[in-house]
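For any residue, its number in the numbering used here is found by taking its place in the sequence shown, counting from 1, and adding 1068.
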Amino acid sequence: MSNLKKNVLAVLCVLAFPGLGLAAGTGNHSHGQPQASTCTPEHEAMGHCKMDDSHGHVASTVGSPAPAGTVPSRSITVHMTDNMRFNFSEPPLAKAGETIRFVVMNKGKIAHEFGIGSVAEQNAHRDMMRKMPDMKHEDGQTITVEPGATKELVWQFAGNGVAQYACSVPGHFEAGMHHEITIQ
């Protein structure tokens, strides 16, 4: 077979079967496969390597993203402002097993985060954000809300420890953008 025919055949194969490489995937995030083997130390410290097998949602010591279709017991509106505060429409207290929808509105001119986790998880997340300040989150535990935007986070509380609501954009937590509760 001539070189021209070989080259044409090779190009045709590449064009005819582009999905084969994509279909193989990396195998790093399939259900039942341990996440820790591919997880960065920063994500491991945050607990992001401990998946709960419900489509990659993070399990925290203070709860987890509510499963799809869960009806929240109530909704709390959270206004985030550039004075580095969360303004809750009602006290953001929670009981173990309770599911709350947080309607998070960024009333400021800069991006903010709203995340829920234990104090240790939030400390680890903040450390990671210092190293990667442009990182955006949409993992069910933390959302990034751009100026003027509104997003929702539906959380099912667990345990009886201290849960912390926090913005981990560098400098925001330190300026006061956090709130702690004890889960009842």
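Every residue gets a Cβ at the ideal spot worked out from N, C-alpha and C, and that includes glycine. Quantities reported herein were computed from a predicted structural model and do not represent experimental measurements.
#### Entry: residue 1203 versus 1189, 1184, 1179 and 1191, residue with shortest Cα-Cα distance
Within the sequence shown, numbered from 1, the residue matching residue 1203 stands at position 135. Residue 1179 is the option with its Cα nearest to residue 1203.
### Message
Just verifying my parser: in three-state terms, what is the DSSP assignment at residue 1189?
### Response
Within the sequence shown, the letter at position 121 stands for residue 1189. Helix, per DSSP.
### Task
Run the CB neighbour count on residue 1234, radius 10 Å, all protein chains shown included, and call it buried at 16 or more, exposed below.
Your numbering for residue 1234 matches position 166 in the sequence shown. It is buried - the Cβ of residue 1234 has at least 16 other Cβ atoms within 10 Å.
### Query
If you count every other CB in all the chains shown that lies within 10 Å of the CB of residue 1201, and 16 or more means buried, which is it?
The count along the sequence shown starts at 1 and reaches residue 1201 at position 133. Classification of residue 1201: exposed, given that the 10 Å Cβ count is below 16.
### Residues near residue 1244 by beta carbon distance below 7 Å, same chain, minus five either side
One-based indexing of the sequence shown puts residue 1244 at position 176. Excluding positions up to five away in sequence, the list reads 1152 and 1153.
### Message
If you reduce the DSSP assignment to three classes, tell me which class residue 1200 lands in.
### Response
Within the sequence shown, numbered from 1, the residue matching residue 1200 stands at position 132. It is coil, neither helix nor strand.
### Message
Bridge partners for residue 1183 per DSSP, in chain order?
### Response
As a first step, residue 1183 must be located in the sequence shown, where it is residue number 115. Paired residue(s): 1210 and 1234.
### Message
Quick check: the Cα distance between residue 1174 and residue 1208, rounded to an integer number of angstroms?
### Response
Counting from one through the sequence shown, the residue named residue 1174 turns up at place 106. Counting from one through the sequence shown, the residue named residue 1208 turns up at place 140. So the alpha carbons of these two residues sit roughly 18 Å apart.
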